[in-house]
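The structure appears right after this line, and notes come after that.
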Amino acid sequence: MGQMNIGDAAAAAGVTPKMIRHYESLGLIPDVQRTEAGYRLYSEREVGMLRFIRQARALGFPVKQIESLLALWRDDQRASREVKELAGRQLAELEERQREIDEMRSTLSAMVAQCKGDDDPHCAILEGLSAPAKPADGEVKRAAKTLKQVRAGSTAGAAKPCHAPAAPPQSAHAALTAWLRTLPPQR
41 MGQMNIGDAA AAAGVTPKMI RHYESLGLIP DVQRTEAGYR LYSEREVGML
91 RFIRQARALG FPVKQIESLL ALWRDDQRAS REVKELAGRQ LAELEERQRE
141 IDEMRSTLSA MVAQCKGDDD PHCAILEGLS APAKPADGEV KRAAKTLKQV
191 RAGSTAGAAK PCHAPAAPPQ SAHAALTAWL RTLPPQR
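In our numbering, the protein residues as written are 41 to 227.
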């Protein structure tokens, strides 16, 4: 196939030239050869990397994990266990996001169903949006356990399993905050 300019490489990889420049600026793909006029030239190797990045982004992998995946992809001595662990963490993150989306859809669906949608200024949707947050039962139990561990000075039991996302999802934090507001002040 030979060397390609940025437009041809973008078309072959299914990305835009702007994304190629962005991936280069992030260091996801190495600096490429340039013509005397300064135009970038891409080989099939770089196009393969661009396809890899595009597919990883389509699966929701963040840039840091894509860097790790690219390093593993290039390493002929890699253990597939490492790749599976990275993919497993991403799958767990996607499943958590899906649960959050399902919760949002359920809540919003209930609000829409409660709204009459007529000329009356009373609106169940606006009331629902302005009401104090009420965490779900599972979130309350997780928040109570975490709070108990923090108060005891131990977070050993609060550690996430290796397949869980590194940072707690925003909804768990919001639930903990909402639940803490319901507690009486300590004296």
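Quick reminder that beta carbons are idealized off the backbone N, C-alpha and C, glycines included. None of the values given here were measured: they were computed from a predicted structure.
Leaving aside the five residues before and after S83 along the sequence, list all residues of the same chain whose C-beta is less than 7 Å from its C-beta, in chain order.
Q43
Integer Cβ distance of Q130 from Q95, believed to fall under 8 Å:
With a Cβ gap of about 12 Å, Q130 and Q95 do not count as contacting.
Would V103 and E86 qualify as a contact pair, given that the criterion is a beta-carbon distance under 8 Å?
no
For Q73, which three-state DSSP category applies?
strand
Compare the beta carbon distance of G54 and R97 with 8 Å and say whether it is the shorter of the two.
no
Going straight from the alpha carbon of S120 to that of A127, what length do you get?
11 Å
With distances taken between CB atoms, is the gap from V123 to L112 smaller than 8 Å?
yes
Which of the three DSSP states is assigned to Y82 in this structure?
strand
Bridge partners for M151 per DSSP, in chain order?
Paired residues: none, contrary to the question.
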